[in-house]
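The sequence shown begins at 1 in the UniProt record's numbering and counts up one residue at a time.
Even for Gly, the Cβ is constructed at its ideal location relative to N, Cα and C.
From a predicted model like this one, the values you see are computed outputs, not experimental measurements.
Report on the structure given below.
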Amino acid sequence: MVYAAYSAGRLLARGDVTTAVDHGLGILHLEQRLNIDFETPLNNIFTGHKLIGIPADFAYASLHYVVTPVILAWVWKRRRAADYRLLRTWLLVSTLIGLVGFTLMPTCPPRLLDAGHGFVDTMAQYSSYGWWGGEASAPRGLGGLTNQYAAMPSLHVGWALWCGVVLWRHGRSAWIKALGVAYPLGIALVVMGTANHYFLDAVAGAAVMGLGLLLAKPALRLAARIRARLSSATDEATGTAAPAVNGASNLNVAANVGDKCETSARERERIPRQQGRDADRSTGGDSGGREAGAAVRSGSGGKTAAAGDGAAAAAR
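Written out as structure tokens, the structure is:
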């Protein structure tokens, strides 16, 4: 759903061609002043060697749409749910940020600049080898369904960086981790060598992914609050009673039952002792005076006391 919105947004954000060309030339001139226009020598290599240019065109036209969902499915299958939710949210938030960039800054890619700037569109040059035509990586006849002026930032590089981080962090073997490093670097070379992006487009794609990573956890917390409010509103609308917080009602029931059981136990302990004391009082009350007097006269007070203790013990 997010990718559909992203694609539709690209079409709506085509912008003015003149503005897009001005932005592209501004980026190129800035890179030339800083001597970081790496796309120029790379494009010369890709257009001069078929063994490099043709595989690069296939990589640009396909890997973006194949590797990313495959790795996303792999994370869903192999990792914890919390890991998957964070990585998925990171990817989606970054994609939406990229859409904002396409809208605010439509940019002409190097391949669409005037030929005097020295760039060759390798996708058009080698179009007979693939399914694409002369309009970016879209299949022949469908170039009108893509926005060719959505060069800033490069989400080819951004998504490849996301894939690389996932492979590096969650891959178990050394070769998977090595692939995690090589894949984003290779895609960065491909997008510049095919004249689809400037070097600063690639840098912006990496920056967008960094910002998306920072916003991923806040986005998850916001989504959780929204779900909680929607759930509460649904319960109120349907009249469903909310469950007791922390099982409070069950705790109260258990406490009451426990109190009764504890009271019953005390009563069971107290009653025999009370019975023993009552028996002692009854015996002592009825004949205590006479037995005491007799014991004093006969010297048998100790025996009487022992008998009383024995009776109380028997009663207990």
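Where arginine 225 is concerned, the enclosing alpha helix (DSSP H) starts and stops at 199 to 238. In this structure, DSSP gives threonine 107 an extended state, which the three-state scheme calls strand. Taking C-alpha positions only, alanine 228 is separated from glutamate 236 by approximately 12 angstroms. One alpha carbon belongs to arginine 33, the other to glycine 205, and they sit about 21 angstroms apart. Tyrosine 60 places its beta carbon less than 9 angstroms from that of threonine 194. Taken through DSSP and simplified to helix, strand or coil, alanine 195 comes out as coil.
Boundaries of the alpha helix (DSSP H) around tryptophan 76: 50 to 78. Shown here for alanine 219: same chain residues with a beta carbon closer than 6 angstroms to its own, the five before and five after excluded, namely Thr89, Val93 in chain order. DSSP, reduced to helix, strand and coil, places tryptophan 131 outside both helices and strands of the structure shown, so it counts as coil. Remark: fewer than three beta-carbon pairs, one from each stretch, lie closer than 8 angstroms, so the stretch 170 to 177 and the stretch 208 to 215 are not flagged as touching. With a minimum length of 4 residues, the unbroken runs of alpha helix (DSSP H) contained wholly in the stretch 150 to 200 fall at 155 to 170, 174 to 193. A contact is defined here as three or more CB-CB pairs under 8 angstroms, and the stretch 179 to 195 meets this definition with respect to the stretch 154 to 170.
Under the three-state reduction of DSSP output, methionine 1 falls in the coil class, being neither helix nor strand. Distances from the alpha-carbon of leucine 112 to those of Met105, Val120, Leu200 put Val120 closest. Taking 9 angstroms as the cut-off, the beta carbon of lysine 50 is found no closer than this to the beta carbon of tyrosine 149.
Under the three-state reduction of DSSP output, isoleucine 97 falls in the helix class. The Cβ-Cβ distance between leucine 161 and glycine 171 does not fall below 9 angstroms. For asparagine 43 and aspartate 114, the gap between their C-alpha atoms comes out near 15 angstroms. The closest CA to that of leucine 91, considering only Ile71, Phe102, Gly116, is found on Ile71. Counting along the chain, the unbroken alpha helix (DSSP H) around leucine 34 starts and ends at 17 to 34.
Taking each of Thr47, Tyr65, Gly53 in turn and checking the Cα distance to glycine 158, the smallest one comes out for Tyr65. In this structure, the alpha-carbon of leucine 230 lies about 51 angstroms from that of phenylalanine 38. For glutamine 125, the uninterrupted alpha helix (DSSP H) segment begins and ends at 122 to 125. For the 9 angstroms CB-CB criterion, leucine 211 and isoleucine 97 form a contact. Contact between isoleucine 45 and isoleucine 54 fails: their C-beta atoms lie close to 13 angstroms from each other, not under 8 angstroms. Straight across, the Cα-Cα distance linking leucine 104 with valine 191 is about 21 angstroms. With respect to leucine 28, histidine 117 sits close: the two C-beta atoms are nearer than 9 angstroms.
Here asparagine 196 is buried. Its C-beta has 16 or more other C-beta atoms within 10 Å. In the three-state scheme derived from DSSP, where H, G and I count as helix and E and B as strand, glycine 116 is classed as helix.
Residues of the same chain with a CB within less than 8 angstroms of the CB of valine 17, apart from the 5 flanking positions on each side, are Cys108, Tyr149 in chain order.
Our two residues, aspartate 57 and alanine 124, have alpha carbons roughly 10 angstroms apart in a direct line. With fewer than 16 other beta carbons inside 10 angstroms of its own, methionine 1 counts as exposed.
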